[in-house]
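Undergrad: Heads up: the protein sequence lines correspond to chains A and B, in order. If you're matching positions, the first sequence starts at 235 in my numbering and goes up one per residue. If you're matching positions, the second sequence starts at 437 in my numbering and goes up one per residue. A virtual CB, placed ideally from N, CA and C, is assigned to each residue, including glycine. Attaching a single structure in C-alpha cells format; questions to follow.
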Amino acid sequence: MNLYCIGLSHHTASVETRERYARLEGWRNLREASGCEEALLLSTCNRVELYAAAAHALSPESIGCCLSSEARERVDLEAAAIYQHAGDDCVQHLFRVVSGLDSMVVGETEILGQTKRAYEEGRSTGGAGPYLHRLFQRAFRVAKQVRTHTQITRGAVSVGSVAVDLAQKIFGELNGRRVLLLGAGETGERTARALVSRGVRDLRISNRSEERAAQLAAIVGGRAVDFSRWQEECREVDILIASTSATAPLLDPARLAPLLRDRVDQPLFIIDMAVPRNVTPEVNEMSGVYLYDMDSLQVIAAQSLALRRQQIAAAEEIIAEHVSDFREWLRQGMKRGARASAPDLSRETLPAPEL
Amino acid sequence: MGRSLLILSTLCFFAAVVRTVLSLRRGQFQPGLFNFTAIAAGFVLQTAFLSVRGHALGRCPLTNLFEVFIFLAWSVALIYLLVGPVYRLSLMGAFTSPLVFLIQFLALLTPIDQPHTSHRAVNSWLELHASVSLIAYGAFALACVAGLMYLVQERQLKTHQIHSVFYHLPPLTHLFEAMTRLLWVGFLLYSIGIVTGFFTGEPLPLVKMAIALSVWVLYATILAARHLRRLAPKSVAALCVFAFSAALTLLWGITFVSQTRPL
C-alpha cells in the first residue's frame with residue numbers, strides 16, 4: 235500500500251492561501267476525486283493536508299488534483315506552496331505534525347485534538363480505511379509518547395499563558411482567587427480572560443473611564459470598581475494586573491506596605507503589563523509579593539520556547555523508531571496482499587477512535 | 437543478615453538520589469513512580485531490619501545511637517509514604533531520599549552501633565515514649581523538606597529564574613499547607629512523647645528534659661506565630677529547616693546523654 239500526503243501549511247503558504255484551501259468544498263468525495271482507496275483531510279488554521287492510501291502507485295500530482303480541483307486557476311501560482319510526501323516521508327510527516335513538531339508554536343497540543351477530529355470525520359464518511367486507521371492510531375500513540383518522554387510541551391510560550399502558569403504556581407487552583415484588573419489595556423484584558431478561563435470567578439475591573447470598566451466587566455463577567463478605590467481593593471485581591479497608560483508608577487513599596495499589613499500569609503501576584511511600568515521594581519523585594527513585568531514574562535516565554543526546541547531531537551528519535559516500525563507493518567501488509575488475489579483489508583477491524 | 441537488609445535499604449534510597457541528580461543534570465526533572473518505589477522498597481527493608489533487630493534484642497530497637505538514627509530514618513520514610521501521596525507531593529521524595537540516605541549512610545559508616553549491655557527489664561512506657569518521639573521527628577523532618585521545597589520555589593518566583601524543577605514543584609500555597617499540617621502532626625506526637633516520658637517510672641534526667649522541652653517550645657512558637665499571622669510563609673519555611681536542624685542536633689545530645697542510660 236502506498237501512502238501519500240499532499241498539502242500546504244504555515245511553512246509554505248500565506249494565511250490568505252491557507253484560507254482559500256480551508257474553505258474549499260466538495261471534500262466529501264475525496265476517495266473518488268483522488269483515485270485512492272482511502273483518503274482523509276486534515277484542515278486547520280495552519281494547514282490543509284490530504285492523507286491518502288492507494289494500492290497502486292500514483293503520482294502525487296494526480297492525487298493533488300482533488301486538492302486543487304476547486305481552485306484550479308490558482309494552482310499554478312501556488313504550486314510552490316503545496317508539498318508532497320510519500321511512503322516513509324508521509325508517515326514521518328504525520329507523526330511530526332501530530333506531535334506538534336511542525337506547528338507554528340513548537341509543542342502545542344491543539345493539533346492532536348484537531349487531527350483526532352479529522353480522523354473521526356474521515357472514519358465516519360468512509361474515507362479512512364484500515365491503512366489510514368492504523369497510520370493515525372499510530373500517530374496518536376507517537377504524540378502521546380513524545381509528550382510523555384520529552385519536554386516538548388513544557389512551559390508556556392505566550393506572555394498571557396506564562397502569567398497564568400505563574401499564578402497557578404503560587405496559588406494552585408485559581409477558582410477561589412480574586413483578581414483586580416487595573417486599566418483596560420488589551421494585554422491586560424487578554425490575561426484577565428485567560429485567568430477567567432482557568433477558573434477565576436471574582437474579577438474586578440478598575441479604569442479611569444468608568445464606562446470602559448463597566449463595558450469590559452460586562453464582556454468578561456467581572457464587576458467594575460471605582461478607580462478611586464483600587465488601592466483599597468489591593469487589601470483583598472490575590473492577583474493584580476496593571477495595564478494603565480499612566481506615565482508615572484501607580485504603586486511602590488511605600489503605598490503597598492500599609493495595604494499588605496493584615497495579609498502576612500497571603501501572597502500577592504502582580505502582573506505589570508503596562509509600558510511604562512505601573513509598579514516600581516522595588517515592590518518585588520517585599521515579602522510575599524511576586525512582581526512580573528512584560529520583560530520578565532517574555533524572558534520566561536522565550537526560555538520555554540528554547541527548551542521546547544531543545545527537545546526536538548529527542549522527539550525525532552521517538553518518531554524515527556515508530557516510522558521504522560510502521561514501515562515494517564506496511565511491508566507485512568503488502569506481503570499478505572501479494573499472497574491473496576486481493577488484499578484482505580476487511581480483516582482489519584476499526585475500533586472506536588481513541589478520542 | 438540484619439545489617440545486609442539495612443545496606444540494601446540504603447542502596448534503595450541511594451538509587452532515588454542518583455535518579456534525582458541525573459534528572460536534574462539533564463534538565464528534565466521528572467519525579468514519579470521510580471522515586472516512590474525506591475523509597476517504598478527502602479522502607480520495607482528498614483522495617484525488616486528493625487524487626488530482626490527488635491526480635492534479637494527482645495525489645496524496641498532503640499538501645500543505642502545507631503538504632504535511634506535508623507528508627508528516625510524509618511519514621512521519615514513512613515511519614516513520607518503516608519503524606520506524600522495524600523498531598524500529591526511526589527516531588528517530596530526527591531528531597532526526602534537524600535535526607536534518609538544521609539542519615540543511614542552516616543549511621544552505617546560511624547562506629548556507633550555499640551551492643552546494648554544493660555539487662556534491665558523492658559519498660560513499655562519508655563519504649564512508647566522513645567518511638568512516638570522519633571516518629572514526631574519524622575514529621576518534623578518532612579516539614580523541613582516541605583520548607584526547603586517552599587524556599588526553592590519561592591526563590592525561583594522572586595528571582596524570575598525558572599528552572600526545570602520549577603514545573604514539578606507544587607504551588608506555594610499547597611506547600612505551606614503541607615508544612616503546617618506536618619508541623620501539627622509532629623507537634624502532637626512530640627507532645628504525646630513528652631507526656632509518656634513522665635509515666636516511665638524512672639527518674640527524669642534534667643538535661644534530657646530541658647532539651648526535649650526546648651524543642652517542644654521551639655515548635656510551639658512556630659505554630660503559634662503561624663496561626664497568629666505573625667510570620668510570613670517564607671519565614672515559617674526557613675524556621676522549619678532551622679528547627680529540624682536544631683532538633684536533630686539536640687536529639688544527638690539526648691541520645692548521647694542516654695548512652696549511660698539506654699532507652
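Who does A/F503 pair with in a DSSP beta bridge?
TA: Position 269 of the first sequence, counted from the first residue, corresponds to residue 503 of chain A. Answer is A/I473, A/Y524, bridged to A/F503.
Undergrad: Comparing the C-beta of A/G389 with each C-beta of chain B, is any distance below 8 Å?
TA: Residue 389 of chain A sits at position 155 when you count from the first residue of the first sequence. Chain B, which has a Cβ nearer than 8 Å to the Cβ of A/G389, makes this yes.
Undergrad: B/G520 by DSSP, collapsed to three states: which one?
TA: Here residue 520 of chain B corresponds to residue number 84 of the second sequence, with the count starting at 1. Three-state result, B/G520: helix.
Undergrad: Flag this pair as yes or no: are the beta carbons of A/V376 and A/F329 separated by less than 8 Å?
TA: Counting from one through the first sequence, the residue named residue 376 of chain A turns up at place 142. Counting from one through the first sequence, the residue named residue 329 of chain A turns up at place 95. Contact: yes.
Undergrad: State buried or exposed for A/I464, treating a residue as buried only when at least 16 other CB atoms are found within 10 Å of its CB.
TA: The residue you call residue 464 of chain A lines up with position 230 of the first sequence. As written in the sequence, residue 464 of chain A is Trp, which differs from the Ile given in the question. Answer is buried; the Cβ neighbour count reaches 16.
Undergrad: Would you check if the region 478-491 of chain A and the region 508-518 of chain A touch, i.e. whether three or more CB-CB distances between them fall below 8 Å?
TA: Yes, the region 508-518 of chain A is in contact with the region 478-491 of chain A.
Undergrad: Is it buried or exposed for A/G455, if we count other Cβ within 10 angstroms and need 16 for buried?
TA: For the purposes of this step, residue 455 of chain A is taken as the residue at position 221 of the first sequence. Under this definition A/G455 is an exposed residue.
Undergrad: How about B/V568 and B/G629: do their beta carbons lie closer than 8 Å?
TA: On the second sequence, position 132 is the one that residue 568 of chain B refers to. On the second sequence, position 193 is the one that residue 629 of chain B refers to. Cβ distance < 8 Å, so B/V568 and B/G629 count as in contact.
Undergrad: If you draw a straight line from the C-alpha of B/T473 to the C-alpha of A/R469, how long is it?
TA: For this step, residue 473 of chain B is matched to residue 37 along the second sequence. For this step, residue 469 of chain A is matched to residue 235 along the first sequence. Using only the alpha carbons, I get a separation of about 45 Å.
Undergrad: Could you give the distance in angstroms between the alpha-carbon of B/S650 and the alpha-carbon of B/W561?
TA: As a working note, residue 650 of chain B is residue 214 in the second sequence. As a working note, residue 561 of chain B is residue 125 in the second sequence. Going from the Cα of B/S650 to the Cα of B/W561 covers about 22 Å.
Undergrad: With a threshold of 16 other CB atoms inside 10 Å of the CB of A/H556, please say whether the residue is buried or exposed.
TA: Position 322 of the first sequence, counted from the first residue, corresponds to residue 556 of chain A. Buried, since its Cβ has 16 or more Cβ neighbours within 10 Å.
Undergrad: First and last residue of the beta strand (DSSP E) that includes A/E283?
TA: Taking the first sequence and counting its residues from 1, the one referred to as residue 283 of chain A is at position 49. That run of the beta strand (DSSP E) goes 281-288.
Undergrad: Verify the CB distance criterion: does A/Y524 have a CB-CB separation below 8 Å to chain B?
TA: Your numbering for residue 524 of chain A matches position 290 in the first sequence. So yes, A/Y524 belongs to the interface.
Undergrad: Going by DSSP, what residue range makes up the beta strand (DSSP E) through A/A320?
TA: Start at 1 with the first residue of the first sequence, and residue 320 of chain A comes out as number 86. Taken as a continuous stretch (DSSP letters only), the beta strand (DSSP E) holding A/A320 covers 317-320.
Undergrad: Is A/E307 close to chain B, meaning its C-beta is less than 8 Å from at least one C-beta of that chain?
TA: Stepping through the first sequence from its first residue, residue 307 of chain A is reached at position 73. Reliability of the predicted coordinates at A/E307 is poor, the pLDDT of 46 falling under 50, and no value is obtained from them.
Undergrad: Answer yes or no: does any C-beta atom of chain A fall closer than 8 Å to that of B/K670?
TA: For the purposes of this step, residue 670 of chain B is taken as residue 234 along the second sequence, with counting starting at 1. Taking Cβ atoms only, chain A reaches closer than 8 Å to B/K670, which makes this a yes.
Undergrad: Indicate the three-state DSSP secondary structure (helix, strand or coil) for B/S600 in the structure shown.
TA: Stepping through the second sequence from its first residue, residue 600 of chain B is reached at position 164. DSSP places B/S600 in helix when its eight states are reduced to three.
Undergrad: Run down chain B in chain order and give the residues with a C-beta less than 7 Å from the C-beta of A/G406.
TA: Working through the first sequence from its first residue, we reach residue 406 of chain A at position 172. Those within 7 Å of A/G406 in chain B are P607, T609, H610.
Undergrad: Could you tell me which of A/H367, A/V282, A/K378, A/T478 sits nearest to A/G341, measuring between CA atoms?
TA: If you number the first sequence from 1, residue 341 of chain A lands on position 107. Checking every option, the nearest Cα to that of A/G341 belongs to A/K378.
Undergrad: Using 8 Å for Cβ pairs, my map puts A/S440 next to A/E467. What's the rounded Cβ distance?
TA: Mapped onto the first sequence, residue 440 of chain A falls at position 206. Mapped onto the first sequence, residue 467 of chain A falls at position 233. Rounded, the Cβ-Cβ distance is 7 Å, consistent with contact.
Undergrad: If we ignore side chains and look at the alpha-carbon of each, how far apart do A/K403 and A/F503 end up?
TA: Indexing the first sequence from 1 puts residue 403 of chain A at position 169. Indexing the first sequence from 1 puts residue 503 of chain A at position 269. Going by the C-alpha atoms only, they are around 11 Å apart.
Undergrad: Is A/T425 near A/A397, with beta carbons less than 8 Å apart?
TA: Looking up residue 425 of chain A in the first sequence gives position 191. Looking up residue 397 of chain A in the first sequence gives position 163. In this structure, A/A397 lies closer than 8 Å to A/T425 by Cβ.
Undergrad: Could one say the Cβ of A/G341 lies closer than 8 Å to chain B's Cβ atoms, at least one of them?
TA: The sequence position of residue 341 of chain A within the first sequence is 107, counting from 1. False, the Cβ-Cβ gap to chain B never drops below 8 Å.
Undergrad: Alpha carbons only, please: which of A/R438, A/G433, A/L276, A/A458 is nearest the one belonging to A/E445?
TA: For the purposes of this step, residue 445 of chain A is taken as the residue at position 211 of the first sequence. Out of A/R438, A/G433, A/L276, A/A458, A/A458 has the C-alpha closest to the C-alpha of A/E445.
Undergrad: Could you round the C-beta distance between B/A513 and B/F485 to whole angstroms and report it? I think they count as a contact, below 8 Å.
TA: For the purposes of this step, residue 513 of chain B is identified with residue 77 of the second sequence, where counting begins at 1. For the purposes of this step, residue 485 of chain B is identified with residue 49 of the second sequence, where counting begins at 1. That belief does not hold up - the Cβ atoms of B/A513 and B/F485 are roughly 12 Å apart, past 8 Å.
Undergrad: If we call anything under 8 Å between Cβ atoms a contact, is A/T384 one with A/A548?
TA: Translated into the one-based positions of the first sequence, residue 384 of chain A becomes position 150. Translated into the one-based positions of the first sequence, residue 548 of chain A becomes position 314. In contact: A/T384 and A/A548 (Cβ atoms closer than 8 Å).
Undergrad: Taking Cβ positions only, does B/R455 come closer than 8 Å to chain A?
TA: Stepping through the second sequence from its first residue, residue 455 of chain B is reached at position 19. For B/R455, the answer is no, since every Cβ of chain A falls outside 8 Å of its Cβ.
Undergrad: On the DSSP bridge assignment, give the partners of A/E272 in chain order.
TA: Stepping through the first sequence from its first residue, residue 272 of chain A is reached at position 38. According to DSSP, A/E272 bridges with A/A287.
Undergrad: Between A/Q379 and chain B, is any beta-carbon pair separated by less than 8 Å?
TA: The residue you call residue 379 of chain A lines up with position 145 of the first sequence. Cβ-Cβ to chain B under 8 Å: no for A/Q379.
Undergrad: Determine, for B/Y603, whether the minimum Cβ-Cβ distance to residues of chain A falls below 8 Å.
TA: Translated into positions along the second sequence, residue 603 of chain B becomes position 167. Chain A contact via Cβ: present.
Undergrad: Name, please, each residue of chain B whose Cβ falls closer than 8 Å to the Cβ of A/V533.
TA: Walking along the first sequence from the start, residue 533 of chain A turns up at place 299. Neighbours of A/V533 on chain B, chain order: H596.
Undergrad: So, are the CB atoms of A/G389 and A/L525 less than 8 Å apart?
TA: As a working note, residue 389 of chain A is residue 155 in the first sequence. As a working note, residue 525 of chain A is residue 291 in the first sequence. Contact: no.
Undergrad: B/F548 and B/L517 look like a contact to me (Cβ under 8 Å); what is the Cβ gap, rounded to whole Å?
TA: On the second sequence, residue 548 of chain B is found 112 positions in, with the first residue counted as 1. On the second sequence, residue 517 of chain B is found 81 positions in, with the first residue counted as 1. First, the amino acid is wrong: residue 548 of chain B is Ile here, not Phe. Going by Cβ atoms, the distance from B/I548 to B/L517 rounds to 26 Å, so no, they are not a contact pair.
Undergrad: Which same chain residues, not among the five before or five after B/H565, have their C-beta less than 7 Å away from its C-beta?
TA: The residue given as residue 565 of chain B occupies position 129 in the second sequence. Contacts found: G629, T632, G633, T636.
Undergrad: Could you tell me the boundaries of the beta strand (DSSP E) in which A/C239 lies?
TA: What you label residue 239 of chain A is simply residue 5 of the first sequence in a count that begins at 1. 236-243 is the span of the beta strand (DSSP E), which, as asked, contains A/C239.
Undergrad: Can you tell me the Cα-Cα spacing of B/G529 and A/S333, whole angstroms?
TA: Taking the second sequence and counting its residues from 1, one reaches residue 529 of chain B at position 93. Taking the first sequence and counting its residues from 1, one reaches residue 333 of chain A at position 99. Each residue's Cα considered, the two are about 31 Å apart.
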